[in-house]
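The structure appears right after this line, and notes come after that.
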Amino acid sequence: MPKNVDSKLLVTDELQGGEIFVFGSNLAGRHDGGAARVAVEKFGAVYGQGVGLQGQSYAIPTMQGGVDTIKPYVDEFIRFADSHPELTFFVTRIGCGIAGFRDEEIAPLFALAYSLPNIYLPASFWKVLR
54 MPKNVDSKLL
64 VTDELQGGEI
74 FVFGSNLAGR
84 HDGGAARVAV
94 EKFGAVYGQG
104 VGLQGQSYAI
114 PTMQGGVDTI
124 KPYVDEFIRF
134 ADSHPELTFF
144 VTRIGCGIAG
154 FRDEEIAPLF
164 ALAYSLPNIY
174 LPASFWKVLR
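Mapping to this note's numbering: the sequence shown position 22 is 75, numbers consecutive.
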């Protein structure tokens, strides 16, 4: 069954221990808008760190070029999540806000996340992956 993150992220101002907010970033870590700003304000993202785990957040760069430049970072995230089953990851619609990509472009990058019970994806991504 698809694991839908949308409702949880819309109603929470805090995460439980072991829960991680996954957001789209830029390589410079300038978390000035969108989910990146939320990550700084609420979930411990570090201004100036554009990749990886920081507090209760995980940054995936989406602003450096085309979808092909995002894929290695998504693959790295999926490997990280797989090696940390004690953590639960709530993925936002990375790349589909300020970066300007469509769900149909980004969702396929998360196809390997389907089998991981600790990764929750947006409903709009699941619609593409079905």
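Glycine included, every Cβ here is placed at the ideal spot set by N, Cα and C.
Cβ of E72 within 8 Å of Cβ of T141?
Yes, these two residues count as a Cβ contact at 8 Å.
Hey, which unbroken runs of the alpha helix (DSSP H) at 4 residues or more fall wholly within the segment 132-169?
Within the segment 132-169, the complete alpha helix (DSSP H) segments of 4 residues or longer fall at 156-159, listed in chain order.
Indicate the three-state DSSP secondary structure (helix, strand or coil) for Y100 in the structure shown.
For Y100, the secondary structure class from DSSP, reduced to helix, strand or coil, is coil.
Kindly give me the distance between the Cβ atoms of G153 and A88, rounded to whole angstroms, as I take these residues to be in contact under 8 Å.
For G153 against A88, the beta-carbon gap comes to about 14 Å, at or over 8 Å, which does not count as contact.
From the DSSP secondary-structure annotation, give me the bridge partner or partners of Y126.
Paired residues: none, contrary to the question.
According to DSSP, simplified to helix, strand and coil, what is F76?
Reduced to three states, the DSSP call for F76 is strand.
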